[in-house]
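This report concerns only the one structure given below.
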Amino acid sequence: MTKNSSKYSTYQLFDFLLDPDFKSWVLHPTGELDEFWNAVINSHPTQYDTMQKAISIIKNLPTVDQNIHIDRKNILWDKIEQNLERHHPKQTSTKLRILKYAAALILIFGAASGIWFYRQTTSLVQIATGNGESKSIRLPDGSNISLAPNSEISYHKDFVKNEKREIWAKGEAKFNVTHLNQNPRTVLKGERFIVHLDQEVNVEVLGTIFSVSSRQGKSLVELLSGSVRVKQNQKQFLLQPGESLTTNPKKEVVVSIKPLAITREWEQHTATLNRTSVQQIIVLIKNTYGIELQVENSAILAKELDGVLPLNDRERALEILN
């Protein structure tokens, strides 16, 4: 199987239905296939609904007895062809074409039924913020999310009923996760809480407080309390309170206990700067307010600053920087 998942970004329902790798995963899942297709969902969260529809359709399609010997299959097909030729010798190709169209119609009908059934039972909830806008979100399980400006999350509307609680996040968010696990020795599927970020980064927790950032191909996970396990491809990292993990577009991972250059105070809607470069501040302003700041002297970009910037007051933030 190819490890390039970019083609799936433009897939539509029938593309997934006809993709042999996708069908193989749905009908015969393995740990390796689960990891690959979860990474596809992570990289292309907008395809989640389409993939779930395709899964539902494939699982509900009638199956052919796979134990029929290949010679018997050929004999049966030969008899069909001979019967068509006997009654309508000049129309054989037309009849065969009609059979193909009929099979296609069956697939389309099954797809339409699957779509109707799926729309009645499931959908993806999407929440986003704009420039300078923050939101507080309470999930169905009681967990709370603070969503930073220009950020978004999505989750299944049947969040608690799923096998695992999953969130897809872009931008920045702070999570205060409700602890559902009753037995520390055994973690049930429904007790798992997973946040999917870019670069195939997945954060798994039981009950804890942490923040994430996923922008421009870079991901950051900062643990405030409890513990989290961060997975990227085949690697796993267990973070302790005060530790942070960062990745870059090259998928390099760094775990650090150093204070971050920018610490977000979620309740106060401020950012504390700790020897933060001007370049980092420019990125912060762009991510928060959608403003592209320009500097005439590039040497200034490396200059480091300390202080506090408001994240919900654009004029005040620009006034401080001036």
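Residue numbers (this note's numbering): 16 to 337.
All C-beta atoms, glycine included, are put in the ideal place defined by N, C-alpha and C.
This one's a predicted model, so the numbers in the text were calculated from it and none came from an experiment.
- Cβ-Cβ distances below 8 Å link T65 to Y26, Q27, L28, F31 in the same chain, with the five nearest sequence neighbours on each side left out; the list follows chain order.
- Taken through DSSP and simplified to helix, strand or coil, Y170 comes out as strand.
- Rounded to whole angstroms, the gap between the alpha carbons of L320 and V293 is 7 Å.
- Looking from the CA of K301, the closest CA among L288, L326, E311 belongs to L326.
- Of all alpha-carbon atoms in S259, K265, R207, the one lying nearest the alpha-carbon of I277 is that of S259.
- Per DSSP, the continuous alpha helix (DSSP H) segment holding A332 begins and ends at 329-336.
- Ranked by how close their Cα comes to the Cα of T61, the residues E167, T144, L253, D36 have E167 in first place.
- Shown here, E280 sits in a strand according to DSSP, grouped into three states.
- E187 carries a strand assignment under DSSP once its states are collapsed to helix, strand and coil.
- CA-to-CA, the gap between V55 and E282 works out to about 34 Å.
- A distance below 7 Å separates the beta carbons of G232 and P264.
- Between the alpha carbons of I152 and S228 lies a gap of roughly 17 Å.
- Contact between S169 and V210 fails: their C-beta atoms lie close to 11 Å from each other, not under 8 Å.
- The Cβ atoms of R244 and F208 do not sit closer than 7 Å to each other.
- Under the DSSP assignment, Q295 falls in the alpha helix (DSSP H) whose first and last residues are 293-304.
- I272 carries a coil assignment under DSSP once its states are collapsed to helix, strand and coil.
- In the DSSP assignment, A143 falls within the unbroken beta strand (DSSP E) covering 139-143.
- When the alpha-carbon of A184 is set against those of N165, V175, D173, the nearest one is in N165.
- For I224, no alpha helix (DSSP H) encloses it; the enclosing beta strand (DSSP E) starts and ends at 224-230.
- DSSP places P155 outside both helix and strand once states are collapsed to three, so it counts as coil.
- For N312, there is no enclosing alpha helix (DSSP H), as DSSP marks it with neither H nor E.
- H171 counts as buried, since no fewer than 16 other beta carbons sit within 10 angstroms of its beta carbon.
- For the pair V175 and P155, the Cα-to-Cα distance works out to about 7 Å.
- Sequence-distant Cβ neighbours of I70 in its own chain, meaning closer than 6 Å and more than five residues away, are V41.
- Counting of Cβ neighbours within 10 angstroms places L316 among the exposed residues, the total staying below 16.
- For N53, the three-state secondary structure derived from DSSP is helix.
- Counting the other CB atoms within 10 Å of its CB gives V310 a total below 16, which places it among the exposed residues.
- By the neighbour-count criterion, in which a residue is buried when 16 or more other Cβ atoms sit within 10 angstroms of its Cβ, A332 is buried.
- Residue burial annotation: Q247 is buried, with at least 16 other C-beta atoms found within 10 angstroms of its C-beta.
- When T303, V270, K38, S226 are compared, the shortest CA-CA separation from G145 is found for T303.
- Residue state for Q251 is assigned as strand, using DSSP reduced to three classes.
- Listed as beta-bridge partners of S234 by DSSP are S229, T262.
- Counted as a single uninterrupted DSSP element, the beta strand (DSSP E) harbouring D321 occupies residues 319-325.
- Comparing C-alpha distances from D213 to each of T261, D49, Q295 shows the shortest one belongs to T261.
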